[in-house]
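This report concerns only the one structure given below.
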Amino acid sequence: MTLSGKRILLIISGGIAAYKSLDLIRRLRERGAAVRPVMTAGAQQFVTPLAVGALAASRVYTELFSREDEQDVGHIRLARACDLVLVAPATADLMAKMANGHADDLASTVLLATDRPVLVAPAMNPMMWMHPATRRNRATLAADGIRFVGPASGEMAESGEAGEGRMAEPVEIVAAIEDLLSGAKPLAGRKAIVTSGPTHEPIDPVRYIANRSSGKQGHAIAAALARLGADVTLVSGPVTIAEPAGVRVVHVERAEEMRDAVVAALPADVAVMVAAVADWRVASAAGNKIKKRPGEAPPPLQLAENPDILKTVGHHASRPKLVIGFAAETENVAANGRAKLERKGADYILANDVSPATGIMGGDHNRVKLIGRDGTEEWPEMGKDEVAERLAALIAAKLSA
Ligand code: C5P
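Residues 391 to 791, numbered by the working numbering, are exactly what the sequence shown covers, in order.
See below:
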């Protein structure tokens with residue numbers, strides 16, 4: 391009984407997936423947890439408080455302004471007298487309320503008043519899940535420290551539409567709770583190296599060749615790995631974003647410096663090469679500022695190839711168990727990504743389309759294809775933080791396998 395003695399406050403909001411909450415309650419109790427349910431008005435349209443209360447062997451709380459409920463425990467105690475607040479299913483509406491701090495019913499008030507860890511299992515129509523408003527809310531909640539499980543891809547119960555939005559299965563939710571409450575850090579004791587940002591290749595002391603990489607994706611991955619307990623070395627090119635917490639940052643400018651810093655950080659269990667490394671440097675950068683002289687032709691720029699850091703790591707004698715790269719493409723994204731996997735000796739390539747129309751380069755969102763040796767997985771558009779979280783979870787799963 392791995393959840394023995396744990397008190398779970400289960401908030402059920404109004405979606406068809408509420409029927410799965412009944413099975414969820416049964417499984418939580420089988421593992422020894424005590425479940426105290428809160429239901430929104432919407433939830434009661436899908437399952438009855440009678441059924442929920444019977445399975446939970448508990449009173450069901452539904453009203454914010456109920457004299458009886460308030461005398462029994464009161465909404466503040468309800469919010470605090472538990473080890474975890476679980477929202478399953480979480481509708482788009484409840485997520486929006488949480489992200490904006492609304493407190494106009496018992497469920498949202500409890501969520502605003504709690505100081506306990508909160509785990510959210512979203513369930514909604516795929517279009518609603520993909521809507522920019524829901525994307526924003528999800529990112530806000532993640533930044534607030536709220537944890538997520540799912541949603542999964544599949545067919546929707548009501549519309550038959552396919553896509554992401556189906557609530558995670560009760561077994562997965564129980565596993566996520568066990569992880570969260572055990573405080574287990576699945577990457578504890580593991581070493582990770584992450585590269586991020588652009589490189590600056592000097593032309594002379596004041597000019598350089600660069601690219602539009604912001605470092606947002608690489609920094610988010612370093613942060614996500616650190617949150618799972620990894621010892622992270624982030625080798626970053628020049629960026630203007632904040633350094634992630636709990637990560638060792640090595641600042642570099644040029645590709646060759648980045649390669650040296652990465653090789654110096656080996657051995658490691660995983661390397662994630664996200665930096666947009668310049669393919670070429672200026673063959674011999676001028677020691678002094680190149681002067682413009684009247685009547686003279688512009689100076690020619692002779693380029694030399696930079697080291698490929700991902701390839702170096704992928705073929706290194708101390709190659710990490712997992713080597714992961716990114717592929718920023720503007721055409722034939724999947725085919726180019728797959729070729730890169732082979733050429734660079736990587737286990738996974740996350741390929742994305744960085745055509746200007748996508749707004750990915752420098753933006754907060756990303757849409758990637760995860761290309762592995764055993765196939766390709768398309769991830770829907772999501773925040774760079776969410777891509778990072780998913781990738782960190784995948785890394786944890788692969789390293790423990
Ligand atoms: O070949 P391409 O630049 O598209 O490959 C992208 C992947 O390779 C990224 O993971 C990037 O960080 C890595 N890379 C590298 N060193 C280079 C060029 C790319 O590590 N010189």
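Backbone N, C-alpha and C define an ideal beta-carbon position, used for all residues, glycine too.
DSSP-derived helix/strand/coil call for residue i
i, result
"S761", "Per the sequence shown, residue 761 should be read as Ile rather than Ser. It is a strand residue."
"K581", "strand"
"T702", "helix"
"A725", "helix"
"P560", "helix"
"A480", "strand"
"P576", "coil"
"G395", "coil"
"S626", "strand"
"P634", "coil"
"S600", "One detail in the question is off: residue 600 reads as Ala in this sequence, not Ser. The answer is coil: DSSP assigns A600 none of H, G, I, E or B."
"S790", "helix"
"A589", "According to the sequence as given, residue 589 is Thr; it is not Ala. Three-state result, T589: coil."
"G443", "helix"
"V539", "coil"
"G735", "coil"
"D775", "helix"
"G605", "coil"
"D621", "strand"
"F716", "strand"
Among the options, the one whose alpha carbon lies nearest that of residue i
i, options, result
"P697", "R728, M648 and N726", "M648"
"A668", "N601, L484 and A651", "N601"
"A665", "E686, T589 and A513", "T589"
"R506", "R470, D775 and L531", "R470"
"M488", "L501, I415 and L615", "L501"
"I406", "N515, R426, V463 and E458", "N515"
"V455", "L784, H492 and T499", "Looking at the sequence provided, one finds Phe at residue 455 rather than Val. Ranking the options by Cα distance to F455, first place goes to T499."
"R757", "S394, E719, L476 and G395", "E719"
"A408", "A493, T481, I599 and K774", "T481"
"V450", "R528, R426, I466 and C472", "R426"
"E633", "R644, G608, S411 and A423", "G608"
"P512", "V660, A558 and A529", "A558"
"E551", "R683, T530, A478 and M517", "M517"
"L712", "P439, A791, G555 and H465", "A791"
"R763", "D737, F436, A717 and V640", "D737"
"R397", "L476, L412, A444 and A724", "L476"
"R792", "K788, G773 and A783", "The chain is shown from 391 up to 791; residue 792 falls before or after that span and cannot be answered."
"T623", "I583, D650 and V596", "I583"
"S448", "R457, L468, G432 and P522", "L468"
"H492", "G753, K701, N527 and A610", "N527"
"S603", "F716, N726 and R671", "F716"
"P595", "I680, R644, W670 and G685", "I680"
"R617", "G432, A424, G535 and V437", "G535"
"T392", "D413, S411, A424 and S403", "A424"
Euclidean distance between Cα positions of residue i and residue j
i, j, result
"L474", "V508", "6 Å"
"R419", "V442", "12 Å"
"I739", "I761", "5 Å"
"V642", "G677", "19 Å"
"L484", "I401", "10 Å"
"E732", "H706", "15 Å"
"G395", "R421", "9 Å"
"A344", "A694", "This structure does not reach residue 344, given that the chain is present from 391 up to 791, and the question cannot be answered."
"A446", "R580", "39 Å"
"A658", "D743", "29 Å"
"Q692", "V637", "37 Å"
"T452", "A655", "54 Å"
"R416", "P439", "15 Å"
"R556", "G540", "8 Å"
"Y598", "E591", "5 Å"
"A478", "E568", "15 Å"
"S549", "W670", "52 Å"
Short Cβ contact (9 Å threshold) for residue i with residue j
i, j, result
"E771", "H755", "yes"
"M663", "I699", "yes"
"A675", "I593", "yes"
"S572", "G627", "no"
"I785", "L577", "yes"
"D775", "A532", "yes"
"M520", "G553", "yes"
"R709", "G749", "no"
"V703", "A661", "yes"
"A778", "A614", "yes"
"V640", "V625", "yes"
"T504", "L399", "yes"
"A747", "K759", "no"
"L781", "I611", "yes"
Contact test: residue i Cβ vs the ligand HEM heavy atom, cutoff 8 Å
i, result
"V667", "You won't find the ligand HEM in this model; what it holds is the ligand C5P."
Any chain C beta carbon closer than 9 Å to residue i
i, result
"A423", "Of the protein chains in this structure there is only one, and it is not chain C."
Which complete beta strand (DSSP E) runs does the stretch 636-705 hold, if anything under 3 residues is left out? The DSSP assignment places 638-641, 660-663, 670-672 and 693-695 as complete runs of the beta strand (DSSP E) inside the stretch 636-705, in order along the chain (cut-off: 3 residues).
Within the stretch 403-427, ranges of the alpha helix (DSSP H) (whole runs, at least 4 residues): The stretch 403-427 contains these whole alpha helix (DSSP H) runs: 408-420.
Run through the stretch 479-532 for me and flag every whole alpha helix (DSSP H) of 4 or more residues, listed as ranges in chain order. For the stretch 479-532, the continuous alpha helix (DSSP H) assignments of 4+ residues that do not extend past its boundaries occur at 482-490, 496-503 and 516-520, in sequence order.
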